[in-house]
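This report refers to the structure that appears directly beneath it.
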Amino acid sequence: MKENANPPMQKPDLPALAEALDKMVAFAPPGSDYPNWVSISKDGAAAARNGDAQAAKASCRSCHDQYKKKYKAEIRTRKI
């Protein structure tokens, strides 16, 4: 994720960020432990497509606040 989302976020390159967030929809872990992952990714991609960098960044922050620790601890090494 860091390789795909950080570069367009830093530039900012909103079309590339939208594409990266679209791809993250498919990275959603199986099961119900990450119930907002898909909607957060889709909302962020839509915001990036609409030119709203702040809303796109907020979607990233929301996902990180909810899932980053759990994801890193439990399934970071899983095959995608």
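Here my numbering is used: the first residue of the sequence shown is 81, the next is one more, and so on.
No residue lacks a Cβ here, since even glycine has one placed at the ideal position from N, Cα and C.
Owing to the predicted nature of the structure, the values given are computational and were not obtained by experimental measurement.
Alpha carbon to alpha carbon, how far is Val118 from Lys103? Give it in angstroms, no decimals.
Numbered from 1 along the sequence shown, position 23 holds the residue referred to as residue 103. Numbered from 1 along the sequence shown, position 38 holds the residue referred to as residue 118. Computed Cα separation, rounded: 10 Å.
The alpha helix (DSSP H) with Ile39 in it runs from where to where?
Residue numbering for the chain in the displayed model covers 81 to 160; residue 39 lies beyond these limits and cannot be assessed.
Can you list, in chain order, the residues of its chain whose CB lies under 7 Å from that of Lys122, leaving out five sequence neighbours each side?
Residue mapping note: residue 122 aligns to position 42 of the sequence shown, counting from 1. Cβ within range, chain order: Val105.
What are the boundary residues of the alpha helix (DSSP H) that includes Lys91?
Position 11 of the sequence shown, counted from the start, is the residue given in the question as residue 91. Lys91 -> no alpha helix (DSSP H), and no H or E assigned at all.
Would you check if the stretch 124 to 131 and the stretch 88 to 103 touch, i.e. whether three or more CB-CB distances between them fall below 8 Å?
yes
Helix, strand or coil for Arg141? Go by DSSP, reduced to three states.
Here residue 141 refers to the residue found at position 61 of the sequence shown. Helix at Arg141.
Is DSSP giving Tyr151 helix, strand or coil here?
Here the question's residue 151 lines up with position 71 in the sequence shown. Three-state result, Tyr151: helix.
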